[in-house]
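In terms of full-length UniProt numbering, the sequence shown is residues 1 to 317. From the three backbone atoms N, C-alpha and C, an ideal C-beta is built for every residue, glycine too. Just so we're clear, the structure is a prediction, and the values are computed from it rather than from any experiment. Presented below is the structure to which this report refers.
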Amino acid sequence: MESLAPSDDREPRFHAPPVPLTADGRPRRVGVEVEFIGLPVRAAVDALAAAFGGLVREEDAHAWHLEASAIGDLTVELDVQHVHPHRAQQHSLPRLSPPVSARLGAALSPFVPRELITAPLRLDALHLADRAVDVLRRAGARGRGITPFGALGLHFNIALPALGPHSLVRLLKAFLVLEPQLREEIYSDVVARLFAPPAYPPAYVEKVLAPDYWPDAETLAEDYLADNPTRRRSLDLLPLLLHRDPEGIAPRLTDKVSKREVLHYRLPLAWVGEPGWSIAADWKRWVGVERLAADLAKLDAACRRALAGSPLLATGP
């Protein structure tokens, strides 16, 4: 069984966000999704079970769950919904029979990433995602940011902090201010940039960064959907907006979206095949967004600089 205790000597530091609680006073949690290639789904979940214990459960030939492990519930799956027949109705897809889905998944497997999905982790337990990635790497998982067929993503599903009545607006403003800097750091070469999620439309950025833009929840959703009716944004708010108003939002979506009460941060890349790679650096970048959002005076000044076209000062931890 793997040791779960963090080591100050060997492991990267996971920076703490400025607000550790949700609006209802609960400790915040973060779900982590990591894409990789090379290692078959079943072999991946077996390696995790050998390291962390737990009960392996098959959903279908290309989706396996590890329940009650030492680091919580985990899922490993082929990242394409068509090969998961039990989810067809949920995603409004034609349902294929299990044998057909299994064969389709086998055919797509050389081209489609696998995905490790953790249950929501406590902020002080994010290092456990690194432990799981290390297990997969040692078992044969590969991947260094991009493949010939697309990017390998590292996604964070982040519970909202208790920043007050405009928490989401403050976080969105902070993210839009820092997004150009984040893109430069994460997508450091021209080839990688080809696979980055499209940036927010400039007109939408200008609207949100305006000093007087503090909309209510309904107006925020209307404005977001008008300019961003897609999951392909580096900070995807559709799951959260759908959770808050399923009847109003769902009929207007063209993408298949699962409602979740989280911020879906999907800009970073996964480097599972790189020895020593950690999710800590990308988590630190996100904490920089939260620190800016938590300081209203600093946020207002940063928004004004961005609108004026001035270079932004570094605001990360």
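- One thing to note: Gly31 has its Cβ within 9 angstroms of the Cβ of Ile117.
- The DSSP-derived three-state label of Glu274 is coil.
- Contact annotation: the region 34 to 43 touches the region 143 to 157, with at least three C-beta pairs closer than 8 angstroms.
- Beta-bridge partners of Pro27 (DSSP): Leu21.
- For Leu209 against Leu253, the beta-carbon gap comes to about 25 angstroms, at or over 8 angstroms, which does not count as contact.
- Between Ala203 and Ser234, the C-beta spacing is not below 9 angstroms.
- For Trp214, the three-state secondary structure derived from DSSP is coil.
- In the DSSP assignment, Ala68 falls within the unbroken beta strand (DSSP E) covering 63 to 69.
- By the neighbour-count definition (other C-beta atoms within 10 Å, threshold 16), Glu274 is an exposed residue.
- Per DSSP, the unbroken alpha helix (DSSP H) holding Tyr204 starts and ends at 202 to 209.
- The C-alpha of Leu66 lies about 14 angstroms from the C-alpha of Ala129.
- Taking the C-beta atoms as reference points, Ile279 is found no nearer than 9 angstroms to Val76.
- Annotation: the continuous beta strand (DSSP E) that includes Gly72 extends over 72 to 78.
- Here Thr219 carries a helix assignment [DSSP, helix/strand/coil].
- Pro268 has its alpha-carbon roughly 17 angstroms from the corresponding atom of Gly276.
- Non-local beta-carbon contacts of Leu21 in its own chain, meaning distances under 6 angstroms to residues more than five positions away in sequence, involve Ala162 in chain order.
- Rounded to the nearest whole angstrom, the C-alpha separation of Leu220 and Lys173 is 12 angstroms.
- No Cβ-Cβ contact shorter than 9 angstroms links Leu296 with Leu178.
- Cβ-Cβ distances below 8 angstroms link Val191 to Ile146 in the same chain, with the five nearest sequence neighbours on each side left out; the list follows chain order.
- Listed as beta-bridge partners of Leu154 by DSSP are Val34.
- Relative to the Cα of Tyr187, the nearest Cα in the group Asp236, Asp212, Ala270 belongs to Ala270.
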